[in-house]
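Numbering (this note's numbering), first residue to last: 15 to 430. The beta carbon of each residue, even a glycine, is placed where N, CA and C say it ideally should be. The structure appears right after this line, and notes come after that.
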């Protein structure tokens, strides 16, 4: 499947909104904080625990508490350091590193999806603004129709029914205008929210909907998406994370050990002159709870299988979304061409001819009314097709990761 057509540059106003959303969107800020949290864990999990120092008063006689009565009495200071089994700290660091990479890649993918949402909302807003303009134009035409029918009725050339019908159609157009204005207000609030603005902020738009499409091949898009969509990189990091988690679960069968050294002071008045003692040793934990460790291995294996299944499901969803978006882009492109090259010009000619014929009493008022409303509906359908075409393009860009290389450098916050 290939879609082609004229390409135009992205409107400057939309470009500014996309940049603003990239820096101010609330959900992106949340993801940035998650990256900071995950990155901070790497240093924590790869560092040794603090050494332990202990001070002991040893073997004091309970009847006198003197230091020179027995050679066993003394004061001791001991320093101990626990060392995990070789490979554990490195593996924990790898787990934290891959977790951080997951959040970083997911953040990049989220930026693409926010761009899609901003574009989708923007093109809906453009449609509603242009539809409002068309409806207001139609209302002005109905004002002229009302005057025309009233004048013809007063001179006996028209029917009162035509006057009433003109008023009724004008009321219907007013109702349509109110609906469009309500939709436009809701869409603008949504757009403001996406770019991190107050929802009631106004926005003057200097852009018009235009036809735009490019050439795409379905098979190429689906083959390249693994390299282009950041979330595939995120899943790869998640797979590595759980592989490391499984390795750590196996390493947990191995004991950690604690090395210690001590120095004991004794009283010089003792019969052996109170010679001081030094001592050192090593201790191990005993990993005897095998069921607990076996459960940890099983958990890591299950988590790894779950990630593979999620990745496969995500790949299927992406391929489907690419296919659907490309199909929609193709169909809306054909509609745009049909309206541009045939339907709109023909409907406009029909209306102008019917208006001229009505003025010389060759057609009745209902024919004139029908030709006007037909032109109006086709014009609304045309700008709706333009909007849908742009929205399909935005969905395709996000699904296939087409703009992944065009993302601006993410803003970094200062660390206090």
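Is residue i near residue j, with beta carbons less than 8 Å apart?
i, j, result
"residue 225", "residue 345", "no"
"residue 99", "residue 307", "no"
"residue 42", "residue 125", "yes"
"residue 130", "residue 219", "no"
"residue 93", "residue 67", "yes"
"residue 112", "residue 255", "yes"
"residue 135", "residue 204", "yes"
Between residue i and residue j, how many whole angstroms is the CB-CB distance? I'm expecting something under 8 Å.
i, j, result
"residue 364", "residue 342", "Contact flag wrong, Cβ pair sits at about 30 Å."
"residue 192", "residue 146", "The pair is not a contact, with the Cβ atoms about 10 Å apart (cut-off 8 Å)."
"residue 278", "residue 291", "4 Å"
What residues in its chain sit with their C-beta under 7 Å from that of residue i, if we drop five residues either side in the sequence?
i, result
"residue 84", "73, 75"
"residue 156", "180, 183, 184, 187"
"residue 264", "311"
"residue 119", "244, 245, 247, 248, 251"
"residue 215", "206"
"residue 417", "126, 129, 411"
Work out the CA separation of residue j and residue i for me, nearest whole Å.
i, j, result
"residue 114", "residue 49", "6 Å"
"residue 400", "residue 222", "10 Å"
"residue 62", "residue 56", "12 Å"
"residue 237", "residue 36", "27 Å"
"residue 159", "residue 369", "10 Å"
"residue 426", "residue 300", "With a pLDDT of only 46 at residue 426, under 50, the local geometry of the prediction cannot be trusted, and no value is derived from it."
"residue 314", "residue 259", "6 Å"
"residue 91", "residue 77", "24 Å"
"residue 195", "residue 150", "11 Å"
"residue 212", "residue 169", "56 Å"
"residue 282", "residue 88", "11 Å"
"residue 95", "residue 108", "23 Å"
"residue 46", "residue 407", "27 Å"
"residue 261", "residue 331", "31 Å"
Closer than 6 Å by C-beta to residue i: which residues in its own chain qualify, once you throw out the five before and the five after it? Chain order, please.
i, result
"residue 271", "97, 296, 298"
"residue 176", "163, 379"
"residue 122", "244"
"residue 34", "209"
With DSSP as the reference, label residue i as helix, strand or coil.
i, result
"residue 19", "Model confidence at residue 19 stands at a pLDDT of 41, short of 50, so the residue's coordinates are unreliable; what they give is reported in the following sentence. If DSSP states are grouped into helix, strand and coil, residue 19 belongs with coil."
"residue 51", "helix"
"residue 83", "coil"
"residue 107", "helix"
"residue 243", "coil"
"residue 146", "helix"
"residue 218", "coil"
"residue 388", "helix"
"residue 95", "strand"
"residue 353", "helix"
"residue 272", "strand"
Could you name the residues of the same chain whose beta carbon sits closer than 8 Å to that of residue i, not counting the 5 residues immediately before and after it, in chain order?
i, result
"residue 388", "361, 364, 365"
"residue 336", "232, 235, 236, 239, 410, 413, 414"
"residue 253", "318, 321, 322, 325"
"residue 392", "353, 357, 358, 361"
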